[in-house]
Ligand SMILES: C[S@@+](CC[C@H](N)C(=O)[O-])C[C@H]1O[C@@H](n2cnc3c(N)ncnc32)[C@H](O)[C@@H]1O
Ligand code: SF4
C-alpha cells in the first residue's frame, strides 16, 4: 500500500534523497507512451519541493523530459521506499561543469507535485547505492555538489569540531595502556553512514576513524569515501600493521590525515608495549606514505615508563623522515592517560607530571622541524566526543567512559554536550588548528 504524504519531502525523506550514495530511479514517458526508467547518480534534492539532476545531451530520459515533463522518481533504502511525481524542465543547457568524458551536461530541475511513501512489508531492501566508479566521476559529482551549494555539514559550527568514530574494537595489538573500546559489537555499514551524516549535521567538520584498528573493518574504504563525499575532513588513526599500498591507492585521496602509533624508535623499546615487528611495520608504512605527499601524517606515542627515555629518539626518527618527504608531519606526545575498559597495571606504566614535563623540556630544547604537540593529561581530559563501535555516544571524563545512549537517537547534541562534562572551549582550542595547518587531537 502506498500513502500520499503531501507535496513535499518529509525531513526523513529529504535525508534519504540527499544521501550521496543512494540514487533515484527516474521514470519518464517514451514517445510511444510507455514508461522508461533510468538511475540518475546526480539526482539531488535542492529543498523539500525541488530536485535537480544533470544529464548528458544525447540521453533518452532527457529527450523525454524535453517532450513531456512528467516524471516519477523512486528511492529505496533499508528503511524507506519513496516515490515522487513532478514536472521536469531543462533549466541550463550547458552546466558549468563537464562530464568526466569531456562532454557538456544539461541541468534539469524537477518541481515535486506529490510524495508517496511506498509500503513494502515483508521484504528486505538493499539500497540502490552509488559507489564511485572512478576518481574522475567522484570529482565530477563533488564539483557538482559544490556548484549547487549542496552541503551536509551544518553551516554554523557547533560546540564540537571533531568527533572520534571508533568503528571497531578489533586490533592486532594488545597495548597495556589501551583506552580504546574493548569487545564491542559494530554497527553495520548503513548505520555507520547514518552516523556520519549526523556528525556532519551536528556541525562537526572532521571525523576521526579510529578503534581498535579501523582497517579491521572491511567497509572502511567505503566509509572514508562517504565521509569525504558529505564534506567532512577525514582522519584515520590506524595501528599501521595492516596498512597496504592497495588501500592507499583506493582511499588515500580521501584521507586528509593519517595517524600511526610509534611506541619506540628501536625494536627493543617498541616491543615492550607493542607486538614484535610493529616498528618495522610503521617504518614500511612511512615509506608508502611518502608517495602520498598530500596526506598529512601524524605519529603518536603514549608516553609510559617503558618509553619516556626514548621520546627524543622518536623525535629524531620523525624529523629525519620529515626531511626526506613532502608530507606535513606532526608528532603527538600523549601523556598515557589512566582510563581503560579493562583492568590495567597502571603503576608499571604511568609517569608522573614532573617526569613528563622534564621530557617535554628536553625535547623542546633540541631543534626540530616537525610540529610536536605535547598532550598532557590535563589537556586530554574531557576533550573527546566519541561514537563507540555499537553506535553509543561516549564522552569520557577522568577515568570514566560516560555513555549517553544511541548517537542516532540524540536530537539536540548541543544541549546534550552543554549538560555533559565535555569541555567545548578546550576542545575547540585544541582542535581548531588542523584544517591543513596543525593537528592536535
Ligand atoms: C585508541 S588508539 C586507536 C587507533 C590505533 N589503534 C592506534 O593505536 O593508533 C588512538 C590513539 O590513542 C592513543 N592511546 C591509546 N591509549 C592511550 C592512553 N591510555 N593514553 C593516551 N593515549 C592513548 C594511541 O597511541 C593512539 O594514538
Ligand atoms: S594499537 Fe591502538 S587500539 Fe590497538 S591495543 Fe594499541 S592503543 Fe589499543
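In the numbering used here, the protein residues as written are 34 to 474.
Idealized CB from N, CA, C, for every residue including glycine.
- Sufficient close CB pairs (3 or more, under 8 Å) joining the segment 189-204 to the segment 361-368: no
- Message: Could you tell me the alpha carbon to alpha carbon distance between residue 376 and residue 253, rounded to whole angstroms?
- Response: 29 Å
- Item | Unbroken beta strand (DSSP E) run spanning residue 72, endpoints | 68-73
- Message: If distances are taken between C-alpha atoms only, which option among 436, 265, 405 comes closest to residue 187?
- Response: 265
- Message: Taking the beta carbon of residue 476 as the centre, do at least 16 other beta carbons fall within 10 Å, making it buried, or is it exposed?
- Response: Shown here, the chain extends from 34 to 474; a query on residue 476 therefore has no answer.
- Query: When burial is assigned at 16 or more other CB atoms within 10 Å of the CB, is residue 42 buried or exposed?
  - Reply: buried
- residue 242 to residue 268 span [Cα, whole Å]: 6 Å
- Got a sec, what are the start and stop residues for the alpha helix (DSSP H) residue 94 sits in? 93-100
- Task: Return the chain-ordered list of same chain residues with a C-beta closer than 8 Å to the C-beta of residue 168, the five sequence neighbours on each side being excluded.
- Result: Once the five neighbours on either side are set aside, the close Cβ partners of residue 168 are 286.
- Query: Would you say residue 379 touches ligand 1, meaning its beta carbon is less than 7 Å from a heavy atom?
  - Reply: no
- Task: Whole angstroms is fine: what's the gap from residue 276's alpha carbon to residue 46's?
- Result: 37 Å
- Give a yes or no on contact between the segment 365-374 and the segment 207-216, applying the rule of three or more CB pairs nearer than 8 Å. yes
- Query: Considering only the beta carbon of each residue, do residue 123 and residue 98 sit closer than 8 Å?
  - Reply: yes
- Task: Flag residue 244 as yes when its Cβ comes closer than 7 Å to any non-hydrogen atom of ligand 2, and as no otherwise.
- Result: yes
- Query: Can you give the Cα-Cα distance for residue 179 and residue 173, rounded to whole angstroms?
  - Reply: Approximately 10 Å between the Cα atoms of the pair.
- How would you write the range of the beta strand (DSSP E) that residue 115 sits in, first residue to last? 114-125 is the extent of the beta strand (DSSP E) around residue 115.
- Item | Residue burial classification, residue 70 (beta-carbon count within 10 angstroms, cutoff 16) | exposed
- Nearest candidate by alpha-carbon position, reference residue 329, set 293, 65, 110: 293
- Query: Identify the residues that DSSP records as bridge partners of residue 78: which are they?
  - Reply: 84
- Task: Check whether the Cβ of residue 297 sits closer than 7 Å to any heavy atom of ligand 1, and report yes or no.
- Result: no
- Query: Roughly how far, in whole angstroms, is the beta-carbon of residue 453 from the beta-carbon of residue 437, given that I think they are within contact range, below 8 Å?
  - Reply: 7 Å
- Item | residue 210 beta carbon near ligand 1 (any heavy atom closer than 7 Å) | yes
- Roughly how many angstroms separate the alpha carbons of residue 410 and residue 249, rounded to a whole number? For the pair residue 410 and residue 249, the Cα-to-Cα distance works out to about 29 Å.
- Could you name each continuous beta strand (DSSP E) segment of 3 residues or more that falls completely within the segment 324-404, going from the start of the chain to the end? 329-336, 362-368
- Message: On the DSSP bridge list, what partners appear for residue 199?
- Response: 243
- Task: Please state whether DSSP places residue 292 in a helix, a strand or coil.
- Result: strand
- Item | Closest by C-alpha distance to residue 459, when choosing among 426, 413, 427, 422 | 413
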